[in-house]
Every structure is written in C-alpha cells, then in structure tokens.
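Since the structure comes first, as structure tokens, the remarks are kept for the end.
Residue numbers (my numbering): 430 to 574.
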C-alpha cells in the first residue's frame with residue numbers, strides 16, 4: 430500500500446497531524462457534545478423497570494440470536510426492539526414479541542442496515558395490526574394491576 434502523508438486535524442485551528450479526520454482530543458470533545466444532546470437513559474425512556482426487565486430477558490436469552498444463526502456462540506448484551514420504538518410510551522416498547530437478544534456488533538449492524546427500513550414500513554402502516562394487538566395487551570395489563 431502506498432505511503433500517505435499525515436493531514437491536519439479537521440477541527441478549526443488545530444495543528445495536530447492525523448491519518449484522517451480529527452485528533453484524539455477533538456474526537457473526545459465531539460463525542461461528549463453528542464452524549465449531552467442524547468440525554469440520559471431515563472430521558473430516552475429506559476427506566477429502572479426496563480433495567481430489571483433487561484436483566485431478566487438476557488438471563489433467559491443469553492446468546493445473540495443473529496450469531497446463533499451462523500453457529501457462533503456470542504453473549505448477548507443488548508435487548509433490542511425488533512420494530513424500532515419512539516420512547517417508553519410507545520405501544521411496542523414492552524411486548525416481549527418485539528424484543529430480541531443481540532451482541533453489540535449485531536445490534537450496531539441492525540441499527541444501521543435494518544432500522545431505517547423498518548421505521549419507514551411503520552410510517553406507512555405495515556405494523557398497525559401488531560400495534561393494535563400490543564395496545565390491547567397493554568390495556569389489559571393496566572386494568573388488572
């Protein structure tokens with residue numbers, strides 16, 4: 430592979446030389462700003478109740494289902510919503526039928542490749558039956574508490 434000279438960090442006024450993009454200091458700053466805008470886990474809808482449920486789900490489903498299909502035994506670390514949700518008030522937030530256990534790598538891949546398509550399908554109404562069924566179940570749960 431041919432040799433390439435180092436370039437300047439793309440942060441305005443920085444004189445550090447890097448292979449591409451920003452230097453480590455400015456990458457860290459940008460990441461911190463993004464984290465502040467992202468909000469806390471509770472602001473994004475993940476309560477203590479979700480934390481307990483997540484632990485129970487991962488205990489019952491300890492392996493990543495995508496890796497299992499490829500005969501690889503990778504521990505699951507994330508409970509993913511198959512159909513993406515819009516906060517904790519979404520009817521598809523709690524139904525276990527909308528959850529799957531994934532490892533970090535598979536979750537990132539799914540988020541980038543599949544979630545945009547699924548979100549578009551949800552906007553066009555392809556999941557209305559699932560949403561209605563989940564709403565009926567949620568109503569039943571709240572009535573019998």
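Built from N, CA and C at the ideal position, the CB exists for glycine as well.
Just so we're clear, the structure is a prediction, and the values are computed from it rather than from any experiment.
About 7 Å separates the Cβ atoms of residue 550 and residue 556, confirming a contact at the 8 Å cut-off. Of the residues 471, 507 and 497, the one whose Cα lies closest to the Cα of residue 485 is 507.
In this model, residue 432 and residue 442 are separated by some 26 Å (Cα to Cα). In the DSSP annotation of this structure, the continuous segment of the beta strand (DSSP E) that includes residue 531 starts and ends at 528-531.
Here residue 509 is buried, its C-beta having at least 16 other C-beta atoms within 10 Å.
Separation of the CB atoms of residue 490 and residue 512 is rounded to 18 Å, and the pair is thereby denied contact status at 8 Å. Straight-line spacing of the CA atoms in residue 523 and residue 436 works out to 48 Å.
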